[in-house]
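Everything on this sheet refers to the single structure shown next.
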Amino acid sequence: MGSLEAVDKRDGGTAFGGYDVLHAVSAINEEIAQSLRGRDARDQAGADAAMIELDGTENKSRLGGNALVATSMAIAHSAASAEKLPLWRYLGQSQDAFFLPLPEIQIFGGGAHAGRRVDVQDFMVIAVGAENYEQSLEWTAEVYQAAGALMSEAGLRQGVADEGGYWPTFEANDQALDYLVRSIERAGLVPGEDVAISLDIAATDFGRDGKYRLAADDREVDSDGLIEMLLSWLERYPIVAIEDPLGEDDPQAMAKFTAAAGNKVEIVADDFICTSADRIRSAAGIKACNTALIKPNQAGTLTETKAALDASRDDGWDAIVSARSGETEDVTIVHLAVGWGVKQLKVGSFARSERMAKWNEGLRIADALKQDGGKLPERQAFPWGKNS
Ligand code: PGA
Ligand code: ZN
């Protein structure tokens with residue numbers, strides 16, 4: 000998690016371990032409602048600017064980034080329903096075609112999502128060879144089942160981590176990678192061709208001042224050592240994307256890694272840019288990465304989220320719309336990905352209702368697109384598929 004995110008305001012105290020959100024809810028029902036009453040919901044930018052001003056802090060800590068982002072999404076939903084359109088279609092009115100994003104799905108959880116059992120946070124797969132969204136989900140489900148079976152056979156299966164990926168009972172970080180490749184093969188698919196690997200290193204969580212403690216491998220490395228390890232993984236495994244390869248306080252090393260690997264794989268910034276247009280522009284200035292992770296709750300309003308996406312596009316980057324750990328069953332982010340024409344979607348694993356709700360919403364949107372009567376240009380139907 001990045002240190003510059005809009006503040007997710009919790010109540011503190013003893014109820015629900017301090018994680019209750021009654022303050023954020025009353026901020027919405029009282030102050031925010033009063034200031035927005037009478038506005039036209041179609042003026043998203045105006046409403047979001049009014050909320051930012053009302054909050055008055057740099058990081059939305061007074062009313063809560065969670066209060067603002069929930070209201071901002073509700074405004075978009077009401078505008079879409081007033082226009083009698085699903086949100087994705089409403090948001091994408093200026094687009095000439097829609098496509099479903101390519102799912103990036105976690106198979107093993109790790110890092111802060113699994114008691115730091117291994118250091119890397121997400122071991123994910125991307126069905127780069129799938130023909131369409133449905134097939135990418137089917138293949139991923141098969142890889143997920145195969146991973147579970149392999150772990151059972153090895154006596155390593157112990158339930159799932161935060162976002163639904165298997166609990167990583169591995170001896171070392173690269174053992175998880177070996178299992179990932181074997182899971183793809185066991186599912187009858189070709190690693191790197193049908194299904195590739197994507198990692199979220201989330202290095203900010205185990206590194207500071209250019210020193211990284213890899214607890215699972217029982218060693219400490221400096222920035223160059225971490226870069227060397229990641230480059231060797233790129234040689235050994237069919238990896239197509241690496242998120243937060245270095246810590247948020249290590250921009251020069253990020254740039255060094257991008258210079259070495261940025262022409263081969265997506266180097267995704269999450270903690271480093273925190274869905275901020277300004278931070279994306281500075282990151283672009285030093286060529287720190289080539290892909291932006293876009294999380295609405297890091298920004299705090301949809302207007303700022305879209306501004307971050309636009310900034311990343313201006314820089315020629317790819318973008319990935321992403322959920323968080325600790326999600327609800329809300330499916331707005333799927334509509335944002337489709338409506339804004341974003342090619343990738345990251346939602347955690349292929350288990351647990353808050354994750355499946357989003358993958359399933361994508362299926363509903365795919366159905367709606369099919370009923371469009373072939374208005375979709377074929378090659379735009381799926382961004383990475385064999386047709387495109
Ligand atoms: P987080 O993890 O929600 O715990 O930050 C998701 C991610 O890093 O992409
Ligand atoms: Zn991340």
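For reference, each letter of the sequence shown is one residue, going 0 to 387 in numbering that gives the first Met the number 0. Each residue gets a CB set at the ideal place from its N, CA and C atoms; glycine is no exception.
Legend entry - Whether D243 touches D277 by CB criterion (8 Å): No, they are not a contact pair.
Legend entry - Local conformation of P376 per DSSP, three classes: With a pLDDT of only 44 at P376, under 50, the local geometry of the prediction cannot be trusted, and the value read off the model is given with reservation. In the structure shown, P376 falls within a coil segment according to DSSP collapsed to helix, strand and coil.
Legend entry - Check: D161 C-beta below 7 Å from any heavy atom of ligand 2: No; taking the cut-off as 7 Å, the Cβ of D161 has no heavy atom of ligand 2 nearer than that.
Legend entry - Pick from L213, K357, E137, T300 that is closest to A46, judged by C-alpha positions: Nearest option by C-alpha distance: T300.
Legend entry - Length of the line joining the Cα atoms of L67 and T327: Whole-angstrom Cα-Cα distance: 16 Å.
Inset, instruction - Please report how far the alpha carbon of D19 lies from the alpha carbon of L188, in whole angstroms. - result: Distance between the alpha carbons of D19 and L188: 44 Å.
Legend entry - beta strand (DSSP E) runs wholly inside the stretch 294-354, at least 3 long, in chain order: If only uninterrupted beta strand (DSSP E) runs of at least 3 residues are considered, those enclosed by the stretch 294-354 are 317-321, 343-348.
Inset, instruction - Under 7 Å Cβ to Cβ from L230, same chain only, skipping five residues before and after it: list those, please. - result: Only residues of its own chain outside the window of five on either side were considered, and among them A259, A260 have a CB closer than 7 Å to the CB of L230, listed in chain order.
Inset, instruction - Examine the Cβ distances between the stretch 124-144 and the stretch 76-94 and report whether three or more of them are shorter than 8 Å. - result: No, because fewer than three Cβ pairs between the stretch 124-144 and the stretch 76-94 fall closer than 8 Å, the two stretches do not touch.
Inset, instruction - Flag D269 as yes when its Cβ comes closer than 7 Å to any non-hydrogen atom of ligand 1, and as no otherwise. - result: Yes, ligand 1 has a heavy atom inside 7 Å of this Cβ.
Inset, instruction - Excluding the 5 residues preceding and the 5 following D371 in the sequence, name in chain order all residues of the same chain whose CB lies nearer than 7 Å to its CB. - result: Same-chain partners within the cutoff: there are none.
Inset, instruction - Reducing DSSP to helix, strand and coil, say where A160 ends up. - result: In this structure, A160 counts as coil in the three-state DSSP scheme.
Inset, instruction - Buried or exposed for G338, please, with buried defined as at least 16 other CB atoms from any protein chain shown within 10 angstroms of its CB. - result: Classification for G338: buried.
Legend entry - As assigned by DSSP and simplified to three states, the class of I183: Helix.
Legend entry - Cβ-heavy atom distance, S352 to ligand 1, below 7 Å: At a threshold of 7 Å, S352 does not count as near ligand 1, since its beta carbon sits no closer than that to any of the ligand's heavy atoms.
Inset, instruction - Quick one: grab the DSSP three-state call for T257. - result: In this structure, T257 counts as helix in the three-state DSSP scheme.
Legend entry - Secondary structure of G361, DSSP reduced to three states: Correct three-state label for G361: helix.
Inset, instruction - Confirm the yes/no value for this check: CB of Q307, any heavy atom of ligand 2, distance under 7 Å. - result: Checking the displayed sequence, the identity of residue 307 turns out to be Ala instead of Gln. No heavy atom of ligand 2 is found nearer than 7 Å to the CB of A307.
Inset, instruction - Could you tell me how far apart the beta carbons of T304 and I293 are, in whole angstroms, since I believe they sit closer than 8 Å? - result: Indeed they touch by this definition, with Cβ atoms about 6 Å apart.
Inset, instruction - Compute the Euclidean distance between the alpha carbons of L179 and L149, then round it to the nearest angstrom. - result: Cα to Cα, L179 sits roughly 10 Å from L149.
Inset, instruction - Could you confirm whether any beta carbon from chain E is found closer than 8 Å to the beta carbon of S77? - result: The chain labelled as chain E is not found in the depicted structure, where only one protein chain is given.
Legend entry - Beta carbon of T168 nearer than 8 Å to that of R116: Against a cut-off of 8 Å, the Cβ pair of R116 and T168 comes out as a contact.
Inset, instruction - Could you work out which residue in L35, D199, L245 is closest to R212 when comparing CA atoms only? - result: The option with the nearest alpha carbon to R212 is L245.
Inset, instruction - Quick one: using the 10 Å Cβ neighbour count with 16 as the cut-off for buried, is E29 buried or exposed? - result: Result: exposed.
Inset, instruction - Can you grab the Cα-Cα spacing for the pair D118 / H112, in whole Å? - result: Computed Cα separation, rounded: 10 Å.
Inset, instruction - For D388, verify whether its CB is less than 7 Å away from any heavy atom of ligand 1. - result: A query on residue 388 cannot be resolved here, the shown segment of the chain reaching from 0 to 387 and no further.
Inset, instruction - Check the DSSP bridge columns for R291 and list the partner residues they point to. - result: Reading the sequence as shown, one finds Ala at residue 291 and not Arg. By DSSP's assignment, A291 forms a beta bridge with A268, A318.
Legend entry - Continuous beta strand (DSSP E) stretch holding Q33: start and end: Per DSSP, Q33 lies in no beta strand (DSSP E); the unbroken alpha helix (DSSP H) holding it starts and ends at 32-35.
Inset, instruction - Provide the residue(s) that pair with S197 in DSSP beta bridges, ordered along the chain. - result: Looking at the DSSP output, S197 sits in a beta bridge with M123, A240.
Inset, instruction - For D223, verify whether its CB is less than 7 Å away from any heavy atom of ligand 2. - result: D223: no, Cβ never under 7 Å from ligand 2.
Inset, instruction - Tell whether a beta-carbon distance below 8 Å holds between S321 and K345. - result: At the C-beta level, S321 and K345 come within 8 Å of one another.
Inset, instruction - Answer yes if the stretch 245-257 comes into contact with the stretch 214-230, meaning at least three C-beta pairs across the two stretches below 8 Å, and no otherwise. - result: Segments in contact, yes.
Legend entry - beta strand (DSSP E) segment containing E103, residue limits: It spans 101-108 - the beta strand (DSSP E) in which E103 sits, taken as one unbroken run.
Legend entry - Residue range of the alpha helix (DSSP H) that includes E137: First-last of the alpha helix (DSSP H) with E137: 132-152.
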